[in-house]
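Chains as they are written, first to last, in the working numbering: chain A, 1 to 427; chain B, 1 to 427. All residues carry an ideal CB built from backbone N, CA and C; glycine is no exception. Computed from a predicted model, the values in this text were never measured in an experiment.
There are 2 protein chains.
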Amino acid sequence: MADKGLPVPEGYAPKDEDSLPAYLAGAPAVAARLGGAQADWRVREVGDGNLNLVFIVDGPAGGVAVKQALPYVRLVGESWPLPLSRAHFEQMALATQAKHAPGLVPEVLHYDETLALIVMELLQPHIIMRQGMIKAIRYPGFVEAITDFMARTLFHTSDLALPADEKKAAIAAFCGNTALCKITEDLIFTEPYMIAENNRWTTPQLDGIAHEFREDGALKVAVSRLKLKFLSEAQALLHGDLHTGSVMVTESDTRVIDPEFAFYGPMGFDIGAVIANLLINYFSQDGHAKPGDPREDYQTWVLEAVEGCWNEFRRKFLALWRDRAAGDAYPHILFTAGAGPEALRAEQEVYMDRLFADSIGFAAAKMIRRILGLAHNIDLEWIEDPGARALCETRCLRLARDLMVNTENYRSIEAVTAAARKARDAY
Amino acid sequence: MADKGLPVPEGYAPKDEDSLPAYLAGAPAVAARLGGAQADWRVREVGDGNLNLVFIVDGPAGGVAVKQALPYVRLVGESWPLPLSRAHFEQMALATQAKHAPGLVPEVLHYDETLALIVMELLQPHIIMRQGMIKAIRYPGFVEAITDFMARTLFHTSDLALPADEKKAAIAAFCGNTALCKITEDLIFTEPYMIAENNRWTTPQLDGIAHEFREDGALKVAVSRLKLKFLSEAQALLHGDLHTGSVMVTESDTRVIDPEFAFYGPMGFDIGAVIANLLINYFSQDGHAKPGDPREDYQTWVLEAVEGCWNEFRRKFLALWRDRAAGDAYPHILFTAGAGPEALRAEQEVYMDRLFADSIGFAAAKMIRRILGLAHNIDLEWIEDPGARALCETRCLRLARDLMVNTENYRSIEAVTAAARKARDAY
Numbered sequence: 001m002a003d004k005g006l007p008v009p010e011g012y013a014p015k016d017e018d019s020l021p022a023y024l025a026g027a028p029a030v031a032a033r034l035g036g037a038q039a040d041w042r043v044r045e046v047g048d049g050n051l052n053l054v055f056i057v058d059g060p061a062g063g064v065a066v067k068q069a070l071p072y073v074r075l076v077g078e079s080w081p082l083p084l085s086r087a088h089f090e091q092m093a094l095a096t097q098a099k100h101a102p103g104l105v106p107e108v109l110h111y112d113e114t115l116a117l118i119v120m121e122l123l124q125p126h127i128i129m130r131q132g133m134i135k136a137i138r139y140p141g142f143v144e145a146i147t148d149f150m151a152r153t154l155f156h157t158s159d160l161a162l163p164a165d166e167k168k169a170a171i172a173a174f175c176g177n178t179a180l181c182k183i184t185e186d187l188i189f190t191e192p193y194m195i196a197e198n199n200r201w202t203t204p205q206l207d208g209i210a211h212e213f214r215e216d217g218a219l220k221v222a223v224s225r226l227k228l229k230f231l232s233e234a235q236a237l238l239h240g241d242l243h244t245g246s247v248m249v250t251e252s253d254t255r256v257i258d259p260e261f262a263f264y265g266p267m268g269f270d271i272g273a274v275i276a277n278l279l280i281n282y283f284s285q286d287g288h289a290k291p292g293d294p295r296e297d298y299q300t301w302v303l304e305a306v307e308g309c310w311n312e313f314r315r316k317f318l319a320l321w322r323d324r325a326a327g328d329a330y331p332h333i334l335f336t337a338g339a340g341p342e343a344l345r346a347e348q349e350v351y352m353d354r355l356f357a358d359s360i361g362f363a364a365a366k367m368i369r370r371i372l373g374l375a376h377n378i379d380l381e382w383i384e385d386p387g388a389r390a391l392c393e394t395r396c397l398r399l400a401r402d403l404m405v406n407t408e409n410y411r412s413i414e415a416v417t418a419a420a421r422k423a424r425d426a427y
Numbered sequence: 001m002a003d004k005g006l007p008v009p010e011g012y013a014p015k016d017e018d019s020l021p022a023y024l025a026g027a028p029a030v031a032a033r034l035g036g037a038q039a040d041w042r043v044r045e046v047g048d049g050n051l052n053l054v055f056i057v058d059g060p061a062g063g064v065a066v067k068q069a070l071p072y073v074r075l076v077g078e079s080w081p082l083p084l085s086r087a088h089f090e091q092m093a094l095a096t097q098a099k100h101a102p103g104l105v106p107e108v109l110h111y112d113e114t115l116a117l118i119v120m121e122l123l124q125p126h127i128i129m130r131q132g133m134i135k136a137i138r139y140p141g142f143v144e145a146i147t148d149f150m151a152r153t154l155f156h157t158s159d160l161a162l163p164a165d166e167k168k169a170a171i172a173a174f175c176g177n178t179a180l181c182k183i184t185e186d187l188i189f190t191e192p193y194m195i196a197e198n199n200r201w202t203t204p205q206l207d208g209i210a211h212e213f214r215e216d217g218a219l220k221v222a223v224s225r226l227k228l229k230f231l232s233e234a235q236a237l238l239h240g241d242l243h244t245g246s247v248m249v250t251e252s253d254t255r256v257i258d259p260e261f262a263f264y265g266p267m268g269f270d271i272g273a274v275i276a277n278l279l280i281n282y283f284s285q286d287g288h289a290k291p292g293d294p295r296e297d298y299q300t301w302v303l304e305a306v307e308g309c310w311n312e313f314r315r316k317f318l319a320l321w322r323d324r325a326a327g328d329a330y331p332h333i334l335f336t337a338g339a340g341p342e343a344l345r346a347e348q349e350v351y352m353d354r355l356f357a358d359s360i361g362f363a364a365a366k367m368i369r370r371i372l373g374l375a376h377n378i379d380l381e382w383i384e385d386p387g388a389r390a391l392c393e394t395r396c397l398r399l400a401r402d403l404m405v406n407t408e409n410y411r412s413i414e415a416v417t418a419a420a421r422k423a424r425d426a427y
């Protein structure tokens with residue numbers, strides 16, 4: 001396997017169920033977590049990721065998850081090479097996130113740069129949030145946790161919290177993660193708006209709207225403006241792929257996983273990812289509802305979560321700005337006396353409004369790519385009847401197009417959720 | 001000397017007039033340029049820079065300029081350490097600029113990383129443009145050359161011209177130039193708006209306006225918004241210090257020198273630097289005019305140059321965008337057919353309008369720092385009568401304040417030059 005995809009360093013080889021225990025036995029923190037002896041450990045390759053090998057290892061004392069990068073995209077194969085360095089960027093991001101948002105990411109027990117392999121605590125009985133949401137399970141702690149995660153990781157890696165030299169060093173440290181960024185640039189910001197081999201959609205039902213979007217000058221300009229922001233605005237360290245498939249939950253615990261797309265980019269990209277994936281789930285519920293399993297109450301909960309995600313993020317981010325502003329931007333010393341505090345407060349509102357506009361723009365881009373691009377969401381994919389699925393998808397696309405092109409009409413998250421309800425009624 | 005300021009690498013020592021010829025004799029390209037033998041070379045330390053050692057060396061066949069960084073700010077001394085690495089960033093920037101804007105920067109003949117020493121062609125009979133402008137000398141080729149320089153260097157290092165991975169690598173390569181960026185962050189965007197030891201101004205005449213600016217909430221918010229842009233928007237490789245003291249001219253040749261502040265930042269910062277320094281000169285002319293040496297015609301020329309700088313830059317930048325767009329932003333393929341070309345043309349106008357707003361904001365910041373901050377311009381400093389100087393400075397400050405706070409009122413460069421004329425009449 002190691003000879004496929006990109007060249008690999010001396011010493012790299014993909015692990016398998018047979019070779020993994022002996023390797024883990026050499027990592028003291030891992031062996032301690034598993035307990036007992038090597039012969040007692042049970043290894044399963046769960047392979048539920050698109051990009052990497054993933055093993056779950058259980059021992060007498062506990063379990064670990066092992067994630068190893070391959071020199072290509074697992075889902076596609078050696079024809080789509082992808083550098084092993086994504087593991088390097090992922091463990092750096094996990095370390096930064098653990099520092100700023102403790103308890104909200106998995107603990108890293110061991111990292112091997114040569115093997116591109118990360119061993120983490122096993123999250124159990126957590127499940128992928130997306131899977132729970134498809135079953136209409138509510139996560140009462142989600143809004144609190146995800147807004148903590150976003151507010152803390154974005155604020156503390158921004159110019160509001162960091163001196164410029166520290167931030168520039170962090171930017172440089174993530175500048176090499178271009179192959180992963182390129183996936184986003186192509187699959188989110190470009191291909192859904194053109195004829196591209198990767199694209200797929202519910203056909204023939206969405207053929208018309210897919211064609212319409214490819215011909216929509218205003219939409220293509222809007223998504224290109226977002227792409228430019230993604231390419232050039234190094235506001236904070238992003239997770240980079242913050243959808244509900246990157247969140248593991250129980251009813252009382254929430255963890256964010258898989259930050260291999262991490263880089264310094266525009267904050268709205270992470271916030272938009274959360275909002276988009278909740279809205280996709282909202283629209284998908286009509287395809288899952290059955291006479292004995294109505295979903296309207298759950299849809300209400302989902303839209304409340306959308307509102308909470310922005311409103312709580314905003315509140316927490318502003319609180320951090322008030323209490324922890326140690327960065328070089330908006331220097332404290334200019335705003336302590338006289339007209340300063342009042343002027344800064346007004347500017348903070350403007351700043352948050354601009355971030356809100358970015359967020360719903362990026363949310364729209366993510367809603368569209370999940371319906372017209374390469375990677376789809378099981379929220380919609382698991383709706384078996386194509387007609388029902390296409391209806392949910394059409395509502396989602398119509399809302400997304402308006403969010404992206406007429407962003408300035410949306411002045412609050414409540415305006416967004418109201419428009420989501422309206423789109424559900426209108427189509 | 002080498003033990004002052006920051007630690008220096010093994011092998012670093014400042015050169016002097018005695019030690020330089022033997023060193024240069026070992027650099028074949030330099031020896032060839034000078035001609036003759038080492039004994040024929042005449043060395044002068046000209047020391048007209050604020051930061052570095054500068055030597056001019058003349059030989060039988062030609063001359064060279066030698067610039068060597070010191071581990072501290074030359075103007076201030078060892079109490080203000082500054083890393084030698086600025087020479088590394090300068091020669092990288094010179095190489096990039098020479099590639100994109102050939103003939104508009106000095107040719108580099110030799111670079112020594114350990115000595116932080118660059119040997120360049122000697123520009124003669126060029127003089128520093130600022131000195132010529134104080135004498136009311138017109139430079140008919142300036143607008144053409146400086147707009148070529150800005151359009152080409154900014155466009156070709158931006159996401160409009162580069163694939164994302166190349167641009168990210170270039171960003172990372174300049175991320176280490178933080179000490180020089182910090183000078184800008186402090187001296188331009190922060191200190192003029194607070195009580196700071198570095199500040200000085202024409203006193204007591206400007207005491208009132210300096211106090212007023214320190215209390216001006218809207219102004220402090222506006223300059224902080226620009227600072228955030230400077231800190232976080234990696235749009236293109238900037239010269240970073242593009243004032244008329246960084247331009248060497250004859251009537252027919254224009255060269256941009258001294259890009260040691262180079263980094264990836266917002267394009268408007270370079271454009272604004274040019275506009276600001278022309279406007280400062282415009283206002284300063286009233287302090288230099290005498291009965292036998294009226295300056296009104298020259299002031300007309302200066303404002304025409306201001307207009308030309310923006311309008312020609314805009315035209316050339318858009319032409320490059322139309323003809324040479326190979327970057328990942330606004331991908332060509334989305335805008336070739338149907339509504340695409342028209343939509344892109346409209347978006348290019350929006351893009352340029354936003355860049356114009358950035359440019360006049362940054363111009364305003366630079367006008368203010370040259371009057372209330374640490375580093376002043378001889379355009380104004382050489383006006384001997386403090387009352388006359390203060391009047392010129394007040395006009396300049398009043399215009400700058402309005403440009404920065406009410407940027408959206410200025411929709412064209414002609415609106416800016418009209419406001420400059422008005423400020424000259426009003427105060």
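Three-state secondary structure (DSSP) of residue i
| i | result |
| --- | --- |
| Arg-295/A | coil |
| Trp-321/B | helix |
| Leu-206/B | coil |
| Met-267/B | coil |
| Trp-201/B | coil |
| Trp-382/A | coil |
| Val-274/B | helix |
| Met-92/A | helix |
| Pro-7/B | coil |
| Ala-2/B | In this prediction, Ala-2/B scores a pLDDT of 42, lower than 50, which makes its location untrustworthy; the coordinate-derived value is nonetheless stated afterwards. Of the three classes helix, strand and coil, the one that applies to Ala-2/B here is coil, per DSSP. |
C-alpha distance - residue i paired with residue j, whole-angstrom precision
| i | j | result |
| --- | --- | --- |
| Leu-6/B | Leu-70/B | 9 Å |
| Ala-273/A | Tyr-330/B | 22 Å |
| Ile-118/A | Pro-28/B | 52 Å |
| Tyr-139/A | His-239/A | 21 Å |
| Tyr-427/B | Trp-310/B | 26 Å |
| Val-30/B | Glu-144/B | 31 Å |
| Gln-299/B | Ala-222/A | 42 Å |
| Gly-338/B | Glu-312/B | 30 Å |
| Glu-212/B | Ile-134/B | 29 Å |
| Ile-413/B | Phe-230/B | 22 Å |
| Ala-179/B | Glu-166/A | 11 Å |
Paired residues, beta bridge with residue i - DSSP
| i | result |
| --- | --- |
| Phe-55/A | Glu-45/A and Val-66/A |
| Gly-77/B | Val-73/B |
| Met-248/B | Ile-128/B and Arg-255/B |
| Asp-328/A | In the DSSP output, where bridge partners are listed per residue, Asp-328/A has none listed. |
Top-ranked residue by Cα proximity to residue i, from the options
| i | options | result |
| --- | --- | --- |
| Thr-203/A | Val-221/A, Thr-153/A and Ala-390/A | Ala-390/A |
| Leu-115/A | Phe-356/A, Leu-228/A, Ser-85/A and His-100/A | Ser-85/A |
| Ala-219/B | Lys-67/B, Ala-365/B and Leu-51/B | For clarity, residue 219/B is Leu in the given sequence; the question names Ala instead. If we check each option's Cα against that of Leu-219/B, Ala-365/B comes out closest. |
| Ala-357/A | Phe-269/A, Ser-252/A and Ala-343/A | Phe-269/A |
| His-243/B | Phe-89/B, Ile-146/B and Gln-124/B | Ile-146/B |
| Tyr-282/B | Met-267/B, Lys-422/B and Arg-225/B | Lys-422/B |
Check: residue i C-beta below 7 Å from any heavy atom of the ligand GDP
| i | result |
| --- | --- |
| Ala-32/A | Among the components modelled here there is no ligand, and therefore nothing to report on the ligand GDP. |
Residues of the region 177-192 of chain A whose Cβ lies closer than 7 Å to any Cβ of chain B, in chain order: Per Cβ criterion, the list reads Thr-178, Cys-181, Lys-182, Glu-185 and Thr-190.
Residues in the region 200-219 of chain A having any Cβ partner in chain B nearer than 8 Å: Residues Glu-215, Asp-216, Gly-217 and Ala-218.
Residues of the region 305-339 of chain A whose Cβ lies closer than 9 Å to any Cβ of chain B, in chain order: Shown in chain order are the members of the region 305-339 of chain A whose Cβ falls below 9 Å from a Cβ of chain B: Gly-327, Asp-328, Ala-329, Tyr-330, Pro-331, Ile-333, Leu-334, Phe-335, Ala-337, Gly-338 and Ala-339.
Residues from the region 267-293 of chain B in contact with chain A, defined by Cβ distance under 9 Å: For the region 267-293 of chain B, there are no residues whose beta carbon sits under 9 Å from a beta carbon of chain A.
Near-chain A residues of the region 361-375 of chain B - C-beta to any C-beta below 7 Å: Under the 7 Å Cβ criterion, the region 361-375 of chain B contributes no residue.
Members of the region 231-263 of chain A near chain B, C-beta cut-off 7 Å: Here the close residues are Leu-231, Ser-232, Glu-233, Ala-234 and Gln-235.
Positions along the region 137-163 of chain B whose CB lies within less than 9 Å of some CB in chain A: Against chain A - using a Cβ distance shorter than 9 Å - the residues of the region 137-163 of chain B are Ser-158, Asp-159, Leu-160 and Pro-163.
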